[in-house]
Amino acid sequence: MNDNTLMNKAADNIRILSASMVERAKSGHPGGPMGGADFINVLFSEFLEYDPEDPAWESRDRFFLDPGHMSPMLYSVLCLSGKFSLDELKEFRQWGSPTPGHPEIDVMRGVENTSGPLGQGHAYAAGAAIAARFLKARLDDPIDHTIYTYISDGGIQEEISQGVGRIAGHLGLGNLIMFYDSNNIQLSTTTDVVTSEDVAKKYEAWNWKVISIDGNDVEEIRSALTEAKAEKEKPTLIIGDTVMGRGALAADCTSFECQVSTHGQPLSAAGADFGQTIKNLGGDPENPFVIFPEAEKLYAGRKEQLKEIVSAKRAKQEEWAKANPGLAEKKRKWFARELPRIDWSTIQQKPNCATRAASAAVLGELAKQVENMVVASADLSNSDKTDGFLKYTKALAKDDFSGAFLQVGVSEFTMSCLCIGMSLHGGVIPACGTFFAFSDYMKPSIRVAALMETPVIFIWTHDAFRVGEDGPTHQPVEQEAQIRLLEKLQNHHGRNSMLVLRPADAHETTVAWKMAMENSGTPTGLILSRQDIKDLPAVESRFNEALNAAKGAYIVQDDTNYEVILLASGSEVATLVEGADLLRADGVKVRIVSVPSEGLFRAQSAEYQDSVLPKGKKKFGLTAGLPVTLEGLVGADGAVWGMTSFGFSAPYKVLDEKLGYTGKNVYEQVKKLL
């Protein structure tokens, strides 16, 4: 039996398993996996290089699936590779199974990323390719690895593909290979109903190598992957024309291929005949969950090949490590996300500065001390002050990845996904900056990063209406409430799915950065001011007092026998201090609380929470966001002054006055409350 016969039988095995998983679950997408089976089979049985005994091996090739609805295809090929059992495939889309409807990251089982919302998966792959090039430039590790990704018609149509295509081509990511499963069918229509673009020409214009093939032909797939692996100057797009529902038959045994209906429902529900289809593909409709002997032989052979490939690569790496012990130790630490020792207390902050400027001061130190950090900005580095980092490095460029700054242009969504991909690759600590209002463009990726527990750092500046003359299009109001919802949402490990910090002054900003860098379990969002903020009062060291921000909320000022608690985050805390001075002059005793993170505060002991915000005490909250941002903390014990409309265009000091963000209004509102 020749190799191609084995390959075709294994591909049919993937088709049968994929269709059977969906049929059994009565839910899912069989047509795409049936068409894509040939490519995924060639990739996994001949090209993808990884260690079957050590799935997290840093030097492995990585495969990022973009269309998560094609999970049956991925689970099936991973079953042939020994990562999933047939019984687990039978539990597709069921409670508690490791085979959810859309794949969720599980590196130990070969799933490199959570995928579902189209477009993000291939963006993570591009980010991983950037990380690999970045690390190569610093470590000179002798092992090159390849980043593969798989995209569908829907992913090509998603707007993020423009950003990925442009940036990957511009940077010349020769270690990135993308297969485009072009089957001309999507969920509700054929593709010609919605698009007439020339995809090949589009990617060629972005400086990609483009290879067009029959995506169901083993020889053409093999040849294209070989050619793509040899390309070192450009990313490669392999456009594979495939057949939706390949092998599907109707009850009368006529072809049921290329049908829109097979995209998103079981074959039987789509109008095909499941039994005839399984027989046509060489399986038994009564017992379809079987690994063919040919597939077993093919993947057993690949496992032996991988042992040799990995052994040779590891020997080469060991030789490199002996010759470069310092670099080898760096690599170990970086992939373990071990931070260098940073004396945060020595970072110099200018008094009464904007928290974006305070962030820049911290970033300058991180640029000097954290060699594996990459910072990105969406064409705003001189305004979101990520240029504090850029000052000590340079931008990444085609053929030169010795810098550590990624200028992505105006593409917030793409930027956030690239940074998530860097983090998924490992060895790199990514952070990215833009205006807080533009976090709206990033929300889909922030959500998936939270689901994956990926420690990306988001830097959001211009945090409120105090953007001023730019007006309501640039003035965030509802954004903080939206982002903070992820502090209330628990991830699969039962922890807050995101850490969101809005520091109240320069010193809290230093502490917030410390917390962000030390947070290896979730994404972190830093919400920073454009305008200067007065430093909060301190009894001794303001930095030491700001360290209490690690508890999410803490007491800034406290009068004996206080009558009311004033609480806020960010620049509004300084406004509370002004109001407190007026209240004290009027004989009212107060406690002031800074709440950089309600989610973190709620994670503290009940005793600590009650010691800071005891129930029954009058409370007044001040927020430049929606009142709901603080209503959970104030509760029935008082009132919140917040924004109930979009902002207005005017200088920020005028807006403060007009909208009631003054010490005088704090005084008046608290007097009403009392």
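In terms of the numbering used here, the sequence shown has 167 at position 167, counting the first letter as 1, and numbering is strictly consecutive.
C-beta: ideal position from N, C-alpha, C; glycine also.
request  = Using 10 angstroms around the beta-carbon of N561, count the other beta-carbons present and answer buried if the total reaches 16, otherwise exposed.
outcome  = exposed
inquiry  = Which runs of the beta strand (DSSP E) at least 3 residues long sit entirely within the stretch 2 to 74? Give them in chain order.
reply    = 62 to 65
query = Quick one: Cα of K136 to Cα of A37, how far?
reply = 33 Å
ask   = Quick one: any contact between the stretch 552 to 570 and the stretch 359 to 378, if contact means 3 or more CB pairs under 8 Å?
value = no
Limits of the beta strand (DSSP E) - the one that P444 falls within = Counting along the chain, P444 falls outside any beta strand (DSSP E), though it belongs to the alpha helix (DSSP H) covering 443 to 452.
query = For G68, which residues from the same chain have a beta carbon less than 6 Å from its beta carbon, with the 5 sequence-adjacent residues on both sides left out?
reply = H102, P103, S115, G116
inquiry  = Tell me which residues share the same chain as F452 and place their Cβ nearer than 6 Å to its Cβ, disregarding the 5 neighbours each side in the sequence.
reply    = In the sequence as presented, Phe is not what sits at residue 452; that position holds Met. Contacts found: I105, T114.
request  = Excluding the 5 residues preceding and the 5 following I457 in the sequence, name in chain order all residues of the same chain whose CB lies nearer than 6 Å to its CB.
outcome  = A431, A516, T524
ask   = Could you give the distance in angstroms between the alpha-carbon of D54 and the alpha-carbon of K331?
value = 17 Å
key: Limits of the beta strand (DSSP E) - the one that C419 falls within   = Per DSSP, C419 belongs to no beta strand (DSSP E); it is in the alpha helix (DSSP H), 412 to 425.
inquiry  = What ranges does the alpha helix (DSSP H) occupy inside the stretch 191 to 239, keeping only unbroken runs of at least 4 residues that lie completely in it?
reply    = 199 to 205, 218 to 230
key: For T629 and K619, the rounded distance between their alpha carbons   = 14 Å
request  = Please work out which residues of its chain come closer than 8 Å, Cβ to Cβ, to K229, disregarding the five sequence neighbours upstream and downstream, and give them in chain order.
outcome  = F47, T146, I177
inquiry  = Looking at the secondary structure, which residues open and close the alpha helix (DSSP H) in which P325 lies?
reply    = 325 to 335
ask   = With DSSP run on the structure shown, which of helix, strand or coil describes A269?
value = helix
task = Please work out which residues of its chain come closer than 8 Å, Cβ to Cβ, to T5, disregarding the five sequence neighbours upstream and downstream, and give them in chain order.
result = E294
key: Given E574 as reference, the closest of L600, D532, D214 once Cα atoms are compared   = The identity of residue 574 in the sequence shown is Ala, whereas the question assumes Glu. It is D532 whose Cα lies nearest to the Cα of A574.
request  = Determine the extent of the alpha helix (DSSP H) in which T278 is found, giving its start and end residues.
outcome  = Here residue 278 is Ile; the residue named in the question, Thr, does not match the sequence. Its alpha helix (DSSP H) spans residues 274 to 280.
task = Could you work out which residue in D144, L576, Y150 is closest to Q317 when comparing CA atoms only?
result = D144
ask   = Are the beta-carbon atoms of L583 and V640 separated by less than 9 Å?
value = no
request  = Please list, in chain order, all residues of the same chain as V612 whose beta carbon is under 7 Å from its beta carbon, the five residues on each side excluded.
outcome  = A553, Y554, I555, V593
request  = Please confirm if the stretch 13 to 28 is in contact with the stretch 80 to 92, defined as three or more CB-CB distances below 8 Å between the two stretches.
outcome  = yes
task = Look at V260 and S188 and say whether their C-beta atoms are less than 9 Å apart.
result = yes
ask   = Taking Cβ to Cβ, would you say A464 is nearer than 9 Å to A624?
value = yes
request  = Have a look at T393 and S402 and give me their C-alpha separation to the nearest angstrom.
outcome  = 9 Å
ask   = Where do the N-terminal and C-terminal ends of the beta strand (DSSP E) with S152 fall, by residue?
value = 147 to 152
inquiry  = Excluding the 5 residues flanking E488 on each side, which residues of the same chain have their C-beta closer than 7 Å to its C-beta?
reply    = Here the sequence assigns Lys to residue 488, which means Glu is not the residue at that position. Around K488: G599.
Three CB pairs or more closer than 8 Å across the stretch 506 to 522 and the stretch 412 to 421 = no
query = For the 8 Å Cβ check, are there 3 or more pairs between the stretch 152 to 169 and the stretch 200 to 210?
reply = yes
task = Taking M34 as the reference, give the member of S20, L43, S45 with the closest Cα.
result = S20
query = Would you say A126 and L86 are within 9 Å of each other, going by their C-beta atoms?
reply = no
ask   = Which residues in the same chain have their Cβ closer than 8 Å to the Cβ of A250, if we skip the five residues on either side of it in sequence?
value = F256, G271, A272, D273, Q276
Beta-carbon spacing of F676, S381 below 9 Å = The question about residue 676 has no answer here: the residues shown for the chain are numbered 1 through 674.
message = Counting C-beta neighbours from all protein chains within 10 Å, is the total for F292 16 or more, i.e. buried, or is it exposed?
response = buried
key: W95 - containing alpha helix (DSSP H), residue span   = Unbroken run through W95: none, as it is neither H nor E.
request  = Starting from the Cα of K617, find the closest Cα among D198, L633, A606 and give me that residue.
outcome  = L633
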